[in-house]
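Numbering (mature numbering (1 follows the signal peptide of the UniProt record, and there is no 0)), first residue to last: -24 to -1, 1 to 432. The structure appears right after this line, and notes come after that.
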Ligand SMILES: [Ca+2]
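Given below as structure tokens:
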């Protein structure tokens, strides 16, 4: 697969930039985001009127991504783009105004929730699949990556070539449930652990999906004018066979294993190519960066920083600090805050479950029994449950110690204090999370078995 190259990223981005070239016409842009892919979904929105809930948005919650800021495709449409989304939405769906085709996408094909079954396309007691607004159920004997590949081929082949093309492709892969066709699993017969073997197959199925997109772009004469971005929303989840080693921790921790994602950029518009970019970048930077690549001018009063010029030319990052998360919720899953300034990272609160280092070859979870990882790996300093807020503090130098082995919070007390003060300033700007209790009105049985808008 020519464009599938993996390197760590998110706060402290490492990017590989390939094949470049200048262009006069507007770029086509394919923005691919893998889910729970090896190296956290700690998405935060500050200075917003209606903040995203703690952790993951649940299907029964009457809330969606805030309306006070336009979405990227809304800006892109003003620049003449055709805009398509394929895959996972997970930005809320309780009313139509929350859903993709009301938020800047000309088309949508996928599911509204954060995860679902790869064949029967159900989650939490409801079916979940849409073609634009229409509830549908693709062939349930067909693995989802094949279904998404068919859709990608369709939107690419039907695209009006006189217009620039934007495809937002938030993959279902490789989030649990751990399901993959046996042909993919068999590619990894050397891996003894069943879950890890299947997860590895899922990664390869995702890789093939990327290959299908690039092949379709080539067949339709669009490839040479396309900029590709591949990244992940968070690290792998050890409980479901994701692995982030040698980084510490995984999804639901604030350590780098949960928060340092994977990325590359390839294609049209890049001036300097074939190198690894080590500048700092946060997930929120992608919106203004992609908008800038498309020829737009990002608004100034947003958290994201336009990094296009830096990535395009290899210039230093415009970002010198970033917030990983600010969350007042109690343990065990959340209740932590972290900030990076330069090479230093300060963690305050409970860092999250699975706080250790897990080598893939020692991975022992059995898919059937789901032997509990937490019991064997959790650090005794952290409470396993209950509402006791852990008031710990850790400081790491990520340049010298990227794997977070050496806590410097006592030996470098002055730096810890400085970062703590800075984080407190961010905390003052934070608007409390809007995380309502679930509503019975959301019940899919009210909507012919499908998770559907129309209840908030
Ligand atoms: Ca995720």
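Just so it is clear, CB atoms sit at the ideal spot from N, CA and C, and this is done for glycine as well.
- For residue 6, the secondary structure class from DSSP, reduced to helix, strand or coil, is strand.
- Listed as beta-bridge partners of residue 40 by DSSP are no residues whatsoever.
- In this structure, DSSP gives residue 146 an extended state, which the three-state scheme calls strand.
- If the five residues before and after residue 95 are omitted, its C-beta is found closer than 6 Å to the C-beta atoms of 116, all from its own chain and listed in chain order.
- Taking 8 Å as the upper bound for CB-CB distance, residue 60 and residue 3 are not in contact here, some 15 Å apart.
- In the assembly as shown, residue 251 is an exposed residue. Its beta-carbon has fewer than 16 other beta-carbons within 10 Å.
- Residue 83 and residue 396 have their C-alpha atoms spaced approximately 44 Å apart.
- Collapsing the DSSP output to three states places residue 403 in a helix.
- Residue side-chain check: residue 11 places its Cβ nearer than 7 Å to a non-hydrogen atom of ligand 1.
- In the structure shown, the three-state DSSP call for residue 373 is strand.
- Under the Cβ criterion (8 Å, minimum of three pairs), the region 205 to 218 counts as touching the region 147 to 167.
- Ranked by Cα distance from residue 141, the options 108, 63, 67, 49 are led by 49.
- Setting aside the 5 residues that flank it on each side, residue 289 is surrounded in the same chain by 247, 248, each with a C-beta closer than 6 Å to its C-beta; the list follows chain order.
- A Cβ-Cβ separation of about 6 Å places residue 156 in contact with residue 181 under the 8 Å criterion.
- Fully contained in the region 231 to 261 are the following beta strand (DSSP E) runs of length 3 or more, in chain order: 236 to 243, 251 to 253.
- If you check the C-beta of residue 184 against ligand 1, you find no heavy atom less than 7 Å away.
- DSSP places residue 83 inside the beta strand (DSSP E), whose first and last residues are 83 to 87.
- Taking a cut-off of 8 Å on C-beta distances, the region 35 to 44 does not touch the region 116 to 127, as fewer than three cross pairs fall below it.
- The shortest C-alpha to C-alpha distance from residue 105 to any of 64, 199, 71, 138 is the one to 64.
- In the three-state DSSP reduction, residue 228 falls in the coil class, being neither helix nor strand.
- Residue 423 carries a helical assignment under DSSP once its states are collapsed to helix, strand and coil.
- The Cβ atoms of residue 374 and residue 392 lie no closer than 8 Å to each other.
- At a Cβ-Cβ threshold of 8 Å, residue 429 and residue 207 do not count as neighbours.
- Rounded to whole angstroms, the separation of the alpha carbons of residue 205 and residue 186 is 11 Å.
- Where residue 73 is concerned, there is no enclosing alpha helix (DSSP H), because DSSP gives it neither an H nor an E.
- Secondary-structure assignment with DSSP links residue 203 through a beta bridge to 5, 243.
- Rounded to whole angstroms, the gap between the alpha carbons of residue 189 and residue 369 is 45 Å.
- With a beta-carbon spacing of about 5 Å, residue 139 and residue 58 fall inside the 8 Å limit used to define contacts.
- Boundaries for residue 168: no alpha helix (DSSP H) harbours it, and the DSSP string shows neither H nor E there.
- In the structure shown, the three-state DSSP call for residue 417 is helix.
- Residue 415 has its alpha-carbon roughly 44 Å from the corresponding atom of residue 293.
- Residue 380 counts as buried, since at least 16 other C-beta atoms from the protein chains shown sit within 10 angstroms of its C-beta.
- At least one heavy atom of ligand 1 sits closer than 7 Å to the Cβ of residue 209.
- Under the DSSP assignment, residue 321 falls in the beta strand (DSSP E) whose first and last residues are 320 to 325.
- Per DSSP, the unbroken alpha helix (DSSP H) holding residue 125 starts and ends at 120 to 133.
- Residue 244 is not a Cβ neighbour of residue 279, given a cutoff of 8 Å.
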